[in-house]
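Participant: Before we start, here is the structure in question, set down as structure tokens.
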Amino acid sequence: MSTTIVTRIATDTAMTSESSSALYRLLTWLSPAYPVGAFAYSQGLETAIARGLVTDRAGTQDWIGDSLTGGSLWSDAVIFARAHEAARERDGPDNPTLAEINAFALAFQPARELREETLALGSAFLRTTQQAWPCETLTLLEEVLGSEAVYPLAVAGAAAGHGIAAAPALEAWLHAGVSNLISAAIRLVPLGQSEGQSLLAGLEPVIAETAARAAATRLEDLTTNNIMAEICAMAHETQHTRLFRS
Numbered sequence: 378m379s380t381t382i383v384t385r386i387a388t389d390t391a392m393t394s395e396s397s398s399a400l401y402r403l404l405t406w407l408s409p410a411y412p413v414g415a416f417a418y419s420q421g422l423e424t425a426i427a428r429g430l431v432t433d434r435a436g437t438q439d440w441i442g443d444s445l446t447g448g449s450l451w452s453d454a455v456i457f458a459r460a461h462e463a464a465r466e467r468d469g470p471d472n473p474t475l476a477e478i479n480a481f482a483l484a485f486q487p488a489r490e491l492r493e494e495t496l497a498l499g500s501a502f503l504r505t506t507q508q509a510w511p512c513e514t515l516t517l518l519e520e521v522l523g524s525e526a527v528y529p530l531a532v533a534g535a536a537a538g539h540g541i542a543a544a545p546a547l548e549a550w551l552h553a554g555v556s557n558l559i560s561a562a563i564r565l566v567p568l569g570q571s572e573g574q575s576l577l578a579g580l581e582p583v584i585a586e587t588a589a590r591a592a593a594t595r596l597e598d599l600t601t602n603n604i605m606a607e608i609c610a611m612a613h614e615t616q617h618t619r620l621f622r623s
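Counting the sequence shown from 1 gives a position; the numbering used here is that position plus 377.
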């Protein structure tokens with residue numbers, strides 16, 4: 378194992394143990410009850426269900442799995458990982474700044490509603506978290522980005538600012554994103570609550586693998602291959618009946 382990897386593991390371990398309340402905060406921020414409005418978005422899943430592309434549990438698992446391996450959850454995971462690194466290392470000379478990462482994330486949004494979603498959630502998260510759990514990193518994000526901070530960067534900045542290591546923070550972030558899509562599918566497909574929990578259990582290894590891949594992926598190497606989900610996200614704004622905002 379290289380010295381760099383050992384140093385990073387030691388740093389992450391120290392960050393995690395620095396505050397006994399770190400895990401509590403992370404769980405709170407990514408709870409469905411946290412007032413950011415994440416429950417109002419489906420990231421194109423509503424359109425996919427309306428068009429008959431997702432009709433059952435197996436189709437839902439495939440849809441979410443594709444998002445994790447090459448769609449919006451994947452790209453957000455890479456943004457999260459690089460933002461946490463930048464916040465932790467204070468924008469080192471060989472790393473992109475938080476503002477650069479944020480600009481990249483906005484440019485990477487394939488649909489208007491997805492862009493509005495990440496900005497609305499990011500703004501709500503920054504505002505709420507800075508009031509309840511202020512830290513230097515969140516203050517910096519508010520000063521530099523204002524209401525233009527994307528959601529994964531805002532959460533990653535809060536995690537780094539409060540001493541929560543990258544690995545558990547990223548897996549928790551992905552777990553919350555998957556849970557939100559499963560919740561939408563339960564209402565739209567529809568699925569039963571037990572089916573929803575089985576879906577979450579089945580996606581556990583995919584979440585872990587996605588987090589590990591994202592941690593090792595540079596922004597310049599980020600690509601997606603989930604074209605149908607992007608088309609559904611673009612088409613959602615013209616859908617006649619909508620329960621969700623994306």
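Note that CB positions come from ideal geometry on N, CA and C, so glycine has one too.
Just so you know, these numbers come straight off a predicted model, no measurement behind them.
Using the Cα positions of asparagine 479 and glutamate 597, report the straight-line distance between them to the nearest angstrom.
Facilitator: On the sequence shown, residue 479 is found 102 positions in, with the first residue counted as 1. On the sequence shown, residue 597 is found 220 positions in, with the first residue counted as 1. The straight-line gap from Cα to Cα measures roughly 14 Å.
Participant: Would you grab the beta carbon distance between valine 566 and threonine 432 for me? Rounded to a whole angstrom, and I think it's under 8 Å.
Facilitator: As a working note, residue 566 is residue 189 in the sequence shown. As a working note, residue 432 is residue 55 in the sequence shown. With 8 Å as the limit, valine 566 and threonine 432 qualify as a contact, their Cβ atoms being about 7 Å apart.
Participant: Under 6 Å Cβ to Cβ from asparagine 557, same chain only, skipping five residues before and after it: list those, please.
Facilitator: For the purposes of this step, residue 557 is taken as the residue at position 180 of the sequence shown. Excluding sequence neighbours, asparagine 557 sits near Ala415.
Participant: I'd like to know if the segment 406 to 426 and the segment 488 to 506 are in contact, where contact means that at least 3 CB-CB pairs between them fall below 8 Å.
Facilitator: Output reads yes: the segment 488 to 506 touches the segment 406 to 426.
Participant: Using 8 Å for Cβ pairs, my map puts serine 449 next to glutamine 420. What's the rounded Cβ distance?
Facilitator: Within the sequence shown, numbered from 1, the residue matching residue 449 stands at position 72. Within the sequence shown, numbered from 1, the residue matching residue 420 stands at position 43. Indeed, because the Cβ distance is near 6 Å, the residues count as touching under 8 Å.
Participant: Does the segment 525 to 536 come close enough to the segment 458 to 468 to have 3 or more Cβ pairs within less than 8 Å?
Facilitator: At 8 Å Cβ cutoff, the stretches touch.
Participant: Could you tell me whether the Cβ atoms of leucine 430 and alanine 553 are closer together than 8 Å?
Facilitator: Working through the sequence shown from its first residue, we reach residue 430 at position 53. Working through the sequence shown from its first residue, we reach residue 553 at position 176. No, these two residues do not count as a Cβ contact at 8 Å.
Participant: Kindly list the residues whose CB is nearer than 7 Å to the CB of serine 452, restricted to its own chain and excluding five residues on each side of it in sequence; keep chain order.
Facilitator: Here residue 452 corresponds to residue number 75 of the sequence shown, with the count starting at 1. Counting only Cβ-Cβ distances below 7 Å, and skipping sequence neighbours, we find Phe485, Leu599, Thr601.
Participant: Find out if the Cβ-Cβ distance for the pair glutamate 548, alanine 585 is shorter than 8 Å.
Facilitator: Residue numbering aside, residue 548 sits at position 171 when the sequence shown is read from its first letter. Residue numbering aside, residue 585 sits at position 208 when the sequence shown is read from its first letter. It is a contact, given that the beta carbons lie within the stated cut-off.
Participant: For aspartate 439, count neighbouring C-beta atoms within 10 Å of its own C-beta (all shown protein chains included) and say buried if the count is 16 or more, exposed if not.
Facilitator: Sequence index remark: in the sequence shown, residue 439 carries index 62 (1-based). The residue is exposed, with fewer than 16 neighbouring Cβ atoms inside 10 Å.
Participant: Is it the case that the Cβ atoms of alanine 483 and valine 527 are separated by a distance below 8 Å?
Facilitator: Position 106 of the sequence shown holds residue 483. Position 150 of the sequence shown holds residue 527. Residue 483 is actually leucine in this sequence, not alanine. Cβ atoms of leucine 483 and valine 527: closer than 8 Å.
Participant: Taking just the CA atoms, how far does threonine 506 sit from glycine 540?
Facilitator: As a working mapping, residue 540 is identified with position 163 in the sequence shown. As a working mapping, residue 506 is identified with position 129 in the sequence shown. Each residue's Cα considered, the two are about 15 Å apart.
Participant: With 16 other CB atoms within 10 Å as the buried threshold, where does glycine 469 fall?
Facilitator: Here residue 469 corresponds to residue number 92 of the sequence shown, with the count starting at 1. At glycine 469 the pLDDT is 49, less than 50, meaning the model places this residue with poor confidence; the figure from the coordinates comes in the next sentence. Glycine 469 should be labelled exposed.
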